[in-house]
Amino acid sequence: MKRLITLSIIMSSAFGAYAQDVEGRVTLDEVTVKAAKVVNKADGMIIYPTDAQKRYSNNGYSILEKLSLANLRIDNINHTITAIDNRGEVQLRVDGVVVGKVEMLALDPKDIAKIDYINNPGVRYGDDIAYVINIITRRSESGYTIGTDLTSALTTLQGDGMVYGKWSRGKSEWALSYGMSGYKTKGVKSRQTAEYTLADGSVHIIDRNDVESLRKSIAHEAKLTYNWADSTATVFQTSLSGAFNNAPDNCDVKDITDGTRQYRATSRNADKSCSPVLDIYFFRQFTPRQSIAANAVGTYIYTQTNSFYDEGSPYKYNVDGRTASLLAEVIYENRLKPFTLSMGVNYNYKYIKNSYQGDASSLTNTDNNRLYGFAEIKGTLRQLRYSLGVGASYIHYTQNGHRYNFGTFHPKASLTYNIGNNVQLSYTCQMQDKVSRIAMTSDAMIRTNSMEWTVGNPDLKPSHDMEHRLQVSYNNNRLQTFFDGYFKQCFKPNMAHYERTGDNHFVYTQTNQKEIDALNVMAYAGYWLLPEKLQIAANGGLFRCFNFGNDYTHCYTSWFYACSITAYLGNFTLQGYVDNGNRFLEGESKGYNGAYSVVKASYTWRDCQLSLSWANPLDNNYKAYENELLNRNLYKHTIGYSRGNGNQVALSISWRLSRGGRHKAAERRIRMSDTDNGIMK
């Protein structure tokens, strides 16, 4: 109710302010509605942001926030984008390049030509990717861009900032950026009740409630990029980047009620990592119809972690981790008369050496090779657009004597039919493999608390996923709307498995089990109440999941919604957003990620923009998450609170100075990255 009241206030304010601004000067009969801003395609849509949206945005997150994309929560305070339908991760790209926070903050919205929003990405975009946002820009012909973007929470110790610069001359462009972020908070606490059914049939109950907590972290990231482009015929780019992350002392003090015993337990965790990355990319347009693109990325990750917890008895271990990976891809494209042919090959190699020492003793040596080849044709037959593709992958995996070879077949078909000028119907079907999470394939064994352990399973195999999507959409100059049905079947997936030992230890691992099915039905509508001035958007639906384990079946239905409003009032921009969070059931764990609401006011003056945000207003004890474990021998209920994320007020200041002309847009076709260190926690 608080979030709905907050959104009503911002809507009323926006309507009132705009009415005063235009009264007596503009009527609806005088409004000139421009061409459609959204063009549907088989795997998503192409979005052309309006001049107002670009003019009053200060970075990549800011303009995506104004687009009100369905199923995505875009947090321009913490600079994150997450999928609220629990289908997977969101991948961000600029001109085809996978980017992170630094590149998104340095992005000048005025340079954007279009945005390719893919809600049905193929396997070549990576594992567990549900949405891809590719922002296509226009490059400077000559000149420079320098700027900074700073965000600081005024109600808690949290902030990040960065400086960046780009220099262009002729066919060459240099870019340099540096960013730093960090936080320190004592307001993150949880409470948990666990019920253990022992071997003799009795139930043992343990309550764990935080009384003190400390979270602090600091991160640095720097990147140097050189780009050489001969118009759009030839592109060569190389970049060297480095990231350093340090969480020196995260601790919790808990009140433990263990049967009739009461005592306090302390947990301490520290993490430190650094990762250099070298990226080389090449694109060549041989003829107006034929082109080839190649990309190679080398990554090294060094990680040190330390963990201590004294519930029941002291338990301490540390991990010294080293990961090296090589990712390479080549794609050939030929635009033939009846259709466009694309062919490619992708190779990933990953080596992991993680040494667990102390009370958890293990040395994990892993080699993972994956080779994937694919071919696809895209064409048009009158009102029908089609895409037919086929791929095949081969995985070779070894770890400490465990090994497997795994081959899969990946067909994909997409059909899109235009019903009139504004309505279209599309259907997509594809099959792909889902590779096991690297950390869970370790043979390490970690104690979680006095009763529970986590054990890796080196014999985990990839699973087969079959996806179906049916969508009906209608777009005109002021209204964008669609109805979407999505169904996914996961055959032999990695699912939670709990075992109770004879001495009443409860062990969690993952095994390949029967099947997981997921059904997602939702509707979306975005409407310009006043073109270029006032926009509203809303989406909602249901999520139904089916978990068929070897010895359990769990099903769950949840409802979700999100709505937003944006008003452009001269140099001022007012925004309001609210959603009810994310609810899901996977394996034997039922979860809830907290709801989110924000009101925001921005003022743009020349090259500067000031923004003031109020996130989760009127909520002093924000519920960040809630989990239930539904195992027959182990029931756990956990609720986590974050005072720092409730009633959070944040101030953002950005400044950008650009000089120079513009090239036409040139899209980079492929890009890969690796951030998984393979450490079990």
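1200 is the number of the first residue of the sequence shown in my numbering; add one for each residue after it.
Using N, Cα and C, we set each Cβ at its ideal position, and we do this for glycine too.
Quick caveat: nothing in here was measured; it's all calculated off a predicted structure.
To the nearest angstrom, report how far apart isoleucine 1771 and phenylalanine 1435 are at their CA atoms.
-> Before going on, a small fix: residue 1771 reads as phenylalanine here, not isoleucine. Computed Cα separation, rounded: 40 Å.
Pick out whichever of Asn1779, Asn1826, Glu1827, Asn1830 has its Cα sitting closest to the Cα of leucine 1271.
-> Asn1779
Among the residues of its own chain, which have a CB less than 6 Å from the CB of isoleucine 1838, if the five just before and after it don't count?
-> Arg1390, Glu1825
Have a look at Trp1366, Lys1453, Tyr1395, Trp1373 and flag the residue whose alpha-carbon is nearest the alpha-carbon of arginine 1407.
-> Lys1453
When the Cα of arginine 1483 is compared with those of Ile1530, Gly1287, Gly1259, Arg1467, which residue comes out closest?
-> Ile1530
By Cβ distance below 6 Å, which residues in the same chain neighbour cysteine 1450 in space, the five residues on each side in sequence not counted?
-> Leu1413, Arg1467
May I have the straight-line CA-CA distance separating serine 1788 from valine 1634, to the nearest angstrom?
-> 20 Å
Buried or exposed: which applies to glutamate 1150, given that a residue is buried once 16 or more other Cβ atoms fall within 10 Å of its Cβ?
-> Residue 1150 lies beyond the residue range present for the chain, which begins at 1200 and ends at 1880; the question has no answer from this structure.
Rounded C-alpha distance that separates aspartate 1228 from proline 1730 | Bear in mind that a pLDDT of 34 at aspartate 1228, under 50, signals an unreliable position, so the model cannot answer this.
For the ligand COA, is there a heavy atom less than 7 Å away from the beta-carbon of aspartate 1348?
-> Looking at this structure, you won't find the ligand COA or any other ligand, since it has none at all.
Buried or exposed by the 16-neighbour rule on C-beta atoms within 10 Å, applied to arginine 1368 = exposed
Stretch pair the region 1743-1758 + the region 1244-1262: three plus CB contacts closer than 8 Å = no
Bridge partners of threonine 1680, per DSSP?
-> Tyr1673, Ala1724
If we call anything under 8 Å between Cβ atoms a contact, is aspartate 1448 one with lysine 1415?
-> yes
Alpha carbon of glycine 1378 to alpha carbon of glycine 1358, nearest angstrom | 11 Å
Is tyrosine 1247 helix, strand or coil by DSSP?
-> coil
Where the beta strand (DSSP E) through alanine 1393 begins and ends = 1387-1396
What residues in its chain sit with their C-beta under 6 Å from that of serine 1472, if we drop five residues either side in the sequence?
-> Asn1444, Thr1502
Tyrosine 1585: first and last residue of the uninterrupted beta strand (DSSP E) it sits in = 1583-1598
Expressed to the nearest angstrom, what Euclidean distance is found between the alpha-carbon atoms of leucine 1829 and lysine 1835?
-> 7 Å
By Cβ distance, which residues of its chain are closer than 6 Å to isoleucine 1204, with the 5 residues on each side in sequence left out?
-> Here the model assigns isoleucine 1204 a pLDDT of 45, short of 50, so the residue's position is not dependable and the matter cannot be decided.
Any idea if phenylalanine 1485 is buried or exposed, counting beta-carbon neighbours within 10 angstroms, 16 or more meaning buried?
-> exposed
Measuring alpha carbon to alpha carbon, tell me which of Gln1290, Thr1615, Tyr1603 ends up nearest tyrosine 1913.
-> A question about residue 1913 goes unanswered here, because the residues of the chain that appear run from 1200 up to 1880.
Cβ pair glycine 1441, alanine 1421 closer than 8 Å = yes
contact_flag[the region 1342-1352, the region 1280-1287] where n(CB pairs < 8 Å) is 3 or more | no
Alpha carbon to alpha carbon, what distance is there between glycine 1400 and glycine 1299?
-> 51 Å
Output yes if chain B places a C-beta closer than 8 Å to the C-beta of leucine 1733; else output no.
-> Of the protein chains in this structure there is only one, and it is not chain B.
Arginine 1292 versus aspartate 1806 - alpha carbon distance | 25 Å
Identify which residue in Ile1491, Ile1405, Pro1248, Val1296 has its Cα closest to the Cα of threonine 1459.
-> Ile1405
Classification of alanine 1234 by the beta-carbon crowding that lies within 10 angstroms, buried from 16 upward = For alanine 1234, the predicted structure reports a pLDDT of 45, less than 50, and the residue's modelled location is therefore unreliable. A value from the coordinates is still provided. The residue is exposed, with fewer than 16 neighbouring Cβ atoms inside 10 Å.
Cβ-based neighbour list, serine 1341, same chain, cut-off 8 Å, excluding 5 preceding and 5 following = Ser1367, Arg1368, Gly1369, Gly1859, Gly1860
Selection from Leu1583, Asn1533, Thr1522, Ser1267 that minimises the alpha carbon distance to asparagine 1564 = Thr1522
Can you tell me which of Glu1575, Gly1769, Gly1606 puts its alpha carbon nearest to the alpha carbon of asparagine 1568?
-> Gly1606
Cβ atoms of aspartate 1315 and isoleucine 1262: under 8 Å apart, would you say?
-> no
Alpha carbon to alpha carbon, what distance is there between glycine 1725 and valine 1230?
-> For valine 1230, the predicted model reports a pLDDT of 37, less than 50, meaning its position is unreliable and no value from the coordinates is stated.
Looking at C-beta atoms only, is the number of pairs between the region 1543-1562 and the region 1677-1689 that lie closer than 8 Å three or more?
-> no
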